[in-house]
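K.L.:
Numbering (my numbering), first residue to last: 14 to 149.
Cβ atoms here follow ideal geometry from the backbone N, Cα and C, with glycine treated the same way.
The structure under discussion is supplied below as structure tokens; questions concerning it will follow.
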Amino acid sequence: MKPPCMIVVQYILPALRVAIARQLVDEAGLKKSEAARKMDVTPAAITQYLNKSRGDRALEVIEGSEKIGELISDLADDLVNDETPPDMQLLKLCRTCQAIRAEGLICELHKGAMPSLQQIGVCACSMGLADIVKNP
Numbered sequence: 014m015k016p017p018c019m020i021v022v023q024y025i026l027p028a029l030r031v032a033i034a035r036q037l038v039d040e041a042g043l044k045k046s047e048a049a050r051k052m053d054v055t056p057a058a059i060t061q062y063l064n065k066s067r068g069d070r071a072l073e074v075i076e077g078s079e080k081i082g083e084l085i086s087d088l089a090d091d092l093v094n095d096e097t098p099p100d101m102q103l104l105k106l107c108r109t110c111q112a113i114r115a116e117g118l119i120c121e122l123h124k125g126a127m128p129s130l131q132q133i134g135v136c137a138c139s140m141g142l143a144d145i146v147k148n149p
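Here it is, written out as structure tokens:
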């Protein structure tokens, strides 16, 4: 059994880091070292995210959603402005993952990792999450 959380850790979180790193470096103009400090990762990780040698497998999945893009932008703005406490930044990151699951964006990745799910027409990965995302 591979719960959706495993897909999030393996594919979605690295893709979110790619998207956030891009916004910090490309859009906000931060140096890689500063982006790394704000994201609590190494500068080498930022380089890998920007070069798409890490975290690119699910990037298309999250870039296809306008709502997820807004959540990522909001989180990147928080990191740039240093106005939001770290625990609230983590909460926003968790809510972004919940929104990704609620939109069913991880279902194909999940079915690829767990072939027995391919027999099921409707994926249950998002069950119960739609209300959480709508009413946090």
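Pick out the complete beta strand (DSSP E) segments inside the segment 101-141, 3 residues or longer, and give them in chain order.
P.N.:
Runs found: none.
K.L.:
Have a look at Arg-114, Arg-50, Pro-27 and Cys-18 and flag the residue whose alpha-carbon is nearest the alpha-carbon of Pro-99.
P.N.:
If we check each option's Cα against that of Pro-99, Arg-50 comes out closest.
K.L.:
For Ile-21, which residues of its own chain have a beta-carbon under 8 Å away from its beta-carbon, when the five flanking residues on both sides are left out?
P.N.:
Per the sequence shown, residue 21 should be read as Val rather than Ile. Contacts found: Cys-110, Ile-113, Arg-114 and Ile-119.
K.L.:
Is there contact here, the segment 27-35 with the segment 68-88, by at least three beta-carbon pairs under 8 Å?
P.N.:
Taking 8 Å as the limit for Cβ pairs, the verdict is that the segment 68-88 does touch the segment 27-35.
K.L.:
Between the alpha carbons of Leu-104 and Ile-133, how many angstroms are there, rounded?
P.N.:
Going by the C-alpha atoms only, they are around 31 Å apart.
K.L.:
Return the residue from the list Pro-16, Ala-48, Leu-43 and Gln-61 that minimises the CA-CA distance to Pro-27.
P.N.:
Pro-27 has its Cα closest to that of Gln-61, out of Pro-16, Ala-48, Leu-43 and Gln-61.
K.L.:
Let me know if Pro-17 comes out buried or exposed under the rule of 16 or more other beta-carbons within 10 Å of its beta-carbon.
P.N.:
Looking at its Cβ environment, which holds 16 or more other Cβ atoms inside 10 Å, Pro-17 is buried.
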